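J.: Attaching a single structure in structure tokens format; questions to follow.
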Amino acid sequence: MLLTQEQISAANKANLETLAQLSRKTFDGVEKLMELNLQVAKTLMQENVEHIQDSSKAKDIKDYFAMQASFIQPLTEKAISYSRHFYNIANETQTELTEVSKSDIQNRAENIQKMMADMTINIPGSSDAMVNLIKQAVANANATFESTQKAVKQAIDMSNHQTQAATESALKASEKLFKKASSN
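With the numbering used here applied, the sequence shown covers 550 to 733.
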């Protein structure tokens, strides 16, 4: 069985389109992360300037330390919020990349099946055993891909749950420390 020029050209075109889609999705994710980081930097700079201005108005050392404590306490929550946003962007990007890959693999499997069907029709005396073997290999590859996708989804779900639990624990610990520092 020989591939025709049209088949080779179509395969190259499909490969380039998949690469372009993956590149677009990756750059979209990077762009979102850059926007997040710029916003965080801008906010931190503004809050630091305001804090320095407020700290200069402290009447005594106790007042100064109270201002410091009230400035530091929300930083934990902000760091956790940043982590959530970062994780959501990374997770969203990964999901989009997975969808593009999944679609590409499905298209390739369909093309191989079509090619196998054409081969049995167009090539007299083609071995049914060989065609069935190739079809089974494609089916096995699809099953492996699907089970891998399920395992990745389960791992992501577990990671989400653990991240949420760690976040809640960190917030509770931060609140306890702040209350303890405020009472002193």
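Beta carbons: idealized from backbone N, C-alpha and C, even for Gly. Everything numeric in this text was worked out from a predicted model, so none of it was measured.
1. Which same chain residues, not among the five before or five after A559, have their C-beta less than 8 Å away from its C-beta?
2. According to the Cβ coordinates, are I638 and L582 closer than 9 Å?
3. Are V649 and T567 touching if we call contact CB-CB under 9 Å?
4. Measure the beta-carbon distance from M707 to I683 and round it to whole angstroms, keeping in mind my assumption that it falls under 8 Å.
5. Would you tell me roughly how many angstroms separate the C-alpha atoms of T697 and E659, rounded to the nearest one?
6. From N656 to T625, what does the alpha carbon distance come to, in whole angstroms?
7. Count the other C-beta atoms from every protein chain shown that fall within 10 angstroms of the C-beta of K608, then say buried if there are 16 or more, exposed otherwise.
8. Please classify K574 as buried or exposed, where buried requires at least 16 neighbouring CB atoms within 10 angstroms.
T.: Concretely, from the data shown:
1. Here A559 has no same chain residue with a Cβ atom under 8 Å from its own Cβ, once five neighbours each way along the sequence are excluded.
2. Cβ atoms of I638 and L582: closer than 9 Å.
3. Their beta carbons are under 9 Å apart, which means V649 touches T567 by this criterion.
4. Contact flag wrong, Cβ pair sits at about 36 Å.
5. Straight-line Cα distance between these residues: approximately 19 Å.
6. One alpha carbon belongs to N656, the other to T625, and they sit about 46 Å apart.
7. Per the 10 Å Cβ criterion, exposed.
8. Residue burial annotation: K574 is buried, with at least 16 other C-beta atoms found within 10 angstroms of its C-beta.
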